[in-house]
Structure formats: structure tokens, C-alpha cells
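As C-alpha cells, the structure follows; a few thoughts come after it.
Residue numbers (the working numbering): 9 to 137.
So this is what it looks like as C-alpha cells:
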């Protein structure tokens, strides 16, 4: 179940999320995920110093996704696709120009978070010991 988010509405959507994950692709097609807390500045996401591996990946592949997980069980995930470039005085920061955004969650989560005390667990749960 996906709900498109207009780029113009991205600031409002981001208010419902905390830290996210910047996903990049290496030259060997491996995906790298790093935790980030981007700020929205002038319609672009600014990521401060995500690390050398991420910057190396961006030199080869500028397409990225920033994934913001839901704050509550069965909530929506915010996915922001874009193109990224190194920026800043030292070139250690990253600017992501969003090309699309969507709120997503599986269709079977459409009823939202489980009620308090309900456990929210179905047939696929494994007890933690």
C-alpha cells in the first residue's frame, strides 16, 4: 500500500519521522546503508558526513534512497528517492535532490498499529526467550 508524497509536501511528511537510512550502491552492486539525520534545505536533503564508503559509492552511482522507518509498529515507511552529490567545504556532506517520495506499508498493515495489549502478533510470531 503506497501513498505518493509530492516533493512540495516532503517537509510536512518528514515531521512524522526521526533518523533514516541513506542507501547507496557500490561498484560491485552491493547496497550500503548508513544511519542519517538529514535536514531539508531549499527542497533538498542535506546529510552531514555519511562516511567515506558512502561517498565512494556516490562517485560511481548518484541514485540513492533515503528510508525513514515508521515510529510505531505497522506504521508507514517514508521512502525518498533522489540523486546525490558530495557537497560542503570538505566534500564530506551529501546533498540529495529528491525525485520521488512515497509512504509505504504492507497492505495487511492497513488497519494500523495493534491495539494496546493486543500483542499485534499473528501466525508468524516466534516467542523470544
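Think of the CB as a built atom: it goes at the ideal place given N, C-alpha and C, for glycine as much as any other residue.
Here the structure is a predicted model, which means the values were calculated and not measured.
Within 10 angstroms of the Cβ of residue 39, are there 16 or more other Cβ atoms? Answer buried if so, exposed if not.
The count along the chain shown starts at 1 and reaches residue 39 at position 31. Classification of residue 39: exposed, given that the 10 Å Cβ count is below 16.
If you draw a straight line from the alpha carbon of residue 44 to that of residue 94, how long is it in whole angstroms?
Taking the first residue of the chain shown as position 1, residue 44 is located at position 36. Taking the first residue of the chain shown as position 1, residue 94 is located at position 86. Rounded to whole angstroms, residue 44 to residue 94 spans 15 Å at the Cα level.
Would you kindly check if the distance between the Cβ of residue 103 and the Cβ of residue 54 is under 8 Å?
Looking up residue 54 in the chain shown gives position 46. Looking up residue 103 in the chain shown gives position 95. The answer is yes: Cβ separation under 8 Å.
For residue 105 and residue 90, which I take to be in contact (beta-carbon distance under 8 Å), what is that distance rounded to the nearest angstrom?
As a position in the chain shown, residue 105 is number 97, starting the count at 1. As a position in the chain shown, residue 90 is number 82, starting the count at 1. Right, the Cβ-Cβ distance comes to about 5 Å (below 8 Å), so this counts as a contact.
Pick from 13, 33, 114, 73: whose alpha carbon is nearest that of residue 142?
This structure cannot speak to residue 142, because the chain is shown only from 9 to 137.
Span separating the alpha-carbon of residue 23 from that of residue 48
Numbered from its first residue, the chain shown carries residue 23 at position 15. Numbered from its first residue, the chain shown carries residue 48 at position 40. The straight-line gap from Cα to Cα measures roughly 11 Å.
By DSSP, does residue 47 sit in helix, in strand, or in coil?
Sequence index remark: in the chain shown, residue 47 carries index 39 (1-based). Note: residue 47 maps to strand in three-state DSSP.
Distance, Cα to Cα, residue 64 vs residue 80?
Along the chain shown, read from residue 1 onward, the residue named residue 64 stands at position 56. Along the chain shown, read from residue 1 onward, the residue named residue 80 stands at position 72. C-alpha separation (whole angstroms): 33 Å.
Quick one: using the 10 Å Cβ neighbour count with 16 as the cut-off for buried, is residue 50 buried or exposed?
Here residue 50 refers to the residue found at position 42 of the chain shown. Only exposed fits residue 50, as fewer than 16 other CB atoms lie within 10 angstroms of its CB.
Please report the straight-line C-alpha distance between residue 27 and residue 46, rounded to a whole angstrom.
Sequence index remark: in the chain shown, residue 27 carries index 19 (1-based). Sequence index remark: in the chain shown, residue 46 carries index 38 (1-based). One C-alpha to the other measures close to 8 Å.
Assuming the contact rule is C-beta atoms closer than 8 Å, residue 110 and residue 11 should be a hit. Round their C-beta distance to whole Å, please.
Within the chain shown, numbered from 1, the residue matching residue 110 stands at position 102. Within the chain shown, numbered from 1, the residue matching residue 11 stands at position 3. Right, their Cβ atoms sit about 7 Å apart.
Close beta carbons around residue 19, own chain, < 8 Å, minus the five adjacent residues each side
The sequence position of residue 19 within the chain shown is 11, counting from 1. Cβ neighbours of residue 19 beyond the five flanking positions: 48.
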